[in-house]
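In my numbering, the protein residues as written are 16 to 642.
The beta-carbon is built from N, C-alpha and C at its ideal position, and this holds for glycine as well.
Worksheet for the structure shown next.
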């Protein structure tokens with residue numbers, strides 16, 4: 016049926032209005048129906064999840080919260096049934112997500128499903144409900160992650176993997192050296208491993224995960240080089256030598272391989288460059304040996320002795336009296352050198368010494384010591400002396416040839432003379448002892464000390480110590496260029512009586528001694544610097560003279576009848592004095608007086624039994640006792 020409009024029908028406006036009213040009525044009825052449907056749908060779904068809502072493919076349509084929780088708990092098994100493969104090399108450990116810290120929050124997930132389409136905004140909620148019904152809406156399950164639980168599980172795995180680093184080691188068995196190389200340490204890193212796993216947990220997938228392993232190098236990884244050094248040390252004997260030996264030095268000292276092995280040490284050291292092993296010989300074992308050796312090798316510094324070349328004005332070292340360096344074994348430096356040399360393959364090691372150079376070395380110049388020429392010379396006569404006395408004069412004077420005295424130093428006759436004994440080349444000759452003139456070792460030495468005394472006295476040197484003889488001795492009163500008469504003798508008797516003088520010049524003093532057998536004289540020469548001093552010596556004075564006692568005759572049963580032998584000689588007693596004035600630059604430097612008290616001395620004769628004796632003598636039947 017169709018509607019057709021004619022001129023005689025209703026007007027167009029009326030017909031159109033009726034049509035619109037019909038359409039509106041239909042729409043009102045339809046809207047009422049839809050509203051009734053929606054209202055009914057909301058009422059029916061008030062306590063259930065809207066149709067089309069699911070979680071990970073599990074349909075929850077129309078289910079209450081409780082029913083959704085139950086269904087999800089039964090059907091969603093990702094966290095407990097699936098496995099991750101954790102791998103380290105060829106070893107594998109299986110772990111569920113739950114063991115790795117992932118937990119399915121079923122309650123929260125169910126709440127999220129129920130809340131879908133219930134935001135409170137009707138227009139938006141209706142759209143969500145429609146599309147869930149029409150196309151479905153699959154929600155992601157809610158997973159919580161506990162890193163502590165995952166780390167705890169990985170630590171159980173780490174017990175099978177973790178290992179400490181092992182340093183390289185060296186061992187010595189006899190002379191055999193064995194080396195063990197170091198091993199890296201390994202530790203499972205839970206944090207980094209879980210970081211690799213988390214993306215799979217979030218995407219609800221499983222995978223094979225290579226465990227993150229932290230490796231750390233031992234402080235000493237390789238000891239091959241040190242092992243080679245140890246083998247090198249033990250490869251042959253060690254020989255300790257003196258590089259420049261003195262005459263009579265001992266050595267060498269040899270240590271075989273077994274001895275070296277017993278002393279071998281392997282020490283671990285650590286510094287800014289890292290840790291390492293150091294091999295060498297134990298200083299605690301070497302030191303006692305070296306300390307025992309040291310006294311045998313020590314030498315004292317010895318100054319050279321010289322003569323003065325008058326033409327060249329220079330010092331010449333005496334042959335056999337050259338300077339000797341002082342030497343002291345340096346044990347610490349020797350041990351260090353031993354270890355250094357052994358590490359380079361050398362097994363012949365020189366001992367290390369601390370060397371002390373003498374002040375008076377072989378190349379010293381006269382100018383360095385201030386010596387310019389002769390400052391004093393004295394001669395005394397021993398003419399008529401026995402061969403034994405002459406030998407003692409020669410031996411004794413030789414001890415002073417080339418002696419050097421520093422500025423301000425004090426000369427001691429006994430110090431330079433040394434031991435007077437037969438072993439030192441001295442002979443028995445007449446000496447004054449216990450009030451008698453008897454034979455004793457070193458008789459005649461006072462000839463030497465007297466000559467030295469006069470050289471110092473006339474040279475203007477201060478006298479520090481001087482002793483006279485008990486009586487006047489003819490040898491010391493004979494005419495010389497400088498002196499004739501008593502009062503300038505100097506007796507010595509070691510160690511009680513010494514002769515000393517001081518070198519008060521700014522230059523060194525060189526002493527030279529000479530024996531002239533043809534003329535029967537001994538000479539002392541002093542070389543130093545002429546500082547302008549002048550020495551004035553007054554003639555000697557004699558007081559309190561006492562005549563010698565009557566001659567004494569003593570019986571000696573060993574002598575024959577009428578055999579008489581003189582063993583001591585008479586001398587008058589007296590007090591003498593010799594004054595000396597030393598001037599410099601017109602001023603008195605010092606004055607002194609040498610005073611001497613001479614005892615009256617008795618002549619002594621020994622006679623055989625029944626011998627005829629002179630008149631007016633003292634006779635004793637007792638022979639002279641031996642000293």
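Among the bridge pairs identified by DSSP, residue 291 is matched with 284. Nearest to residue 367 by C-alpha distance, out of 349, 106 and 378, is 349.
Beta-carbon to beta-carbon, residue 63 and residue 79 are separated by about 6 Å, close enough to satisfy the 8 Å threshold. Counted as a single uninterrupted DSSP element, the alpha helix (DSSP H) harbouring residue 413 occupies residues 402–413. When the Cα atoms are used, residue 208 and residue 168 turn out to be separated by approximately 11 Å.
Residue 158 is bridged by DSSP to 119. Using a Cβ distance threshold of 8 Å, residue 190 and residue 249 count as a contacting pair. Contact between the region 142–154 and the region 90–110 is absent, with fewer than three C-beta pairs closer than 8 Å. Take residue 466, set aside five residues on each side of it, and the residues of its chain with a beta-carbon closer than 6 Å to its own are 393, 395, 537 and 539, in chain order. In this structure, DSSP gives residue 254 an extended state, which the three-state scheme calls strand. Beta-carbon to beta-carbon, residue 555 and residue 391 are separated by about 19 Å, too far to satisfy the 8 Å threshold. Exposure of residue 612 is indicated by the presence of fewer than 16 other C-beta atoms within 10 angstroms of its C-beta. By the criterion of a C-beta distance shorter than 6 Å, residue 294 is surrounded in its chain by 241, 244, 245 and 281, once the five residues flanking it on both sides are discounted. With contacts defined by Cβ atoms closer than 8 Å, residue 435 and residue 441 form a contacting pair.
Secondary structure of residue 541 (DSSP, three-state): strand. A Cβ-Cβ separation of about 26 Å leaves residue 235 out of contact with residue 175 under the 8 Å criterion.
For residue 91, no alpha helix (DSSP H) run applies, since DSSP gives it neither H nor E.
Sequence-distant partners of residue 205 (beyond 5 residues in either direction) whose C-beta falls short of 8 Å from its own C-beta, in its chain, are 165, 166, 169, 170 and 173. According to the DSSP assignment, residue 464 belongs to the alpha helix (DSSP H) that extends over 460–473. The alpha-carbon of residue 130 is positioned some 29 Å away from that of residue 97. DSSP, read as helix, strand or coil, puts residue 188 in strand.
For the set 253, 406, 419 and 343, the Cα lying nearest the Cα of residue 356 is the one of 253. Nearest Cα to residue 324 within the set 333, 318 and 316: 333. The C-beta of residue 146 has fewer than 16 other C-beta atoms within 10 Å across all chains shown, which makes the residue exposed.
A contact is defined here as three or more CB-CB pairs under 8 Å, and the region 594–614 fails this definition with respect to the region 493–500.
DSSP places residue 217 outside any beta strand (DSSP E); the residue lies instead in the alpha helix (DSSP H), whose first and last residues are 205–217.
Each of 489, 477, 502 and 547 was checked against the Cα of residue 519, and the nearest Cα belongs to 477.
Burial state of residue 132 is buried, judged by a 10 Å Cβ sphere holding 16 or more other Cβ atoms. A residue is called buried when at least 16 other Cβ atoms come within 10 angstroms of its Cβ; residue 591 meets this threshold and is buried. Linking residue 502 to residue 316 through their CA atoms gives a straight-line distance of about 39 Å. Contact between residue 212 and residue 115 holds: CB atoms are separated by about 6 Å, below the 8 Å threshold.
Note on the region 497–527: whole beta strand (DSSP E) runs with a minimum of 3 residues are 515–517, in chain order. Less than 8 Å divides the Cβ of residue 631 from the Cβ of residue 565.
Burial state of residue 251 is exposed, judged by a 10 Å Cβ sphere holding fewer than 16 other Cβ atoms. Annotation for residue 377: no alpha helix (DSSP H) segment contains it, and DSSP assigns it neither H nor E. In the three-state reduction of the DSSP assignment, residue 481 falls in the coil class, being assigned neither a helical nor a strand state.
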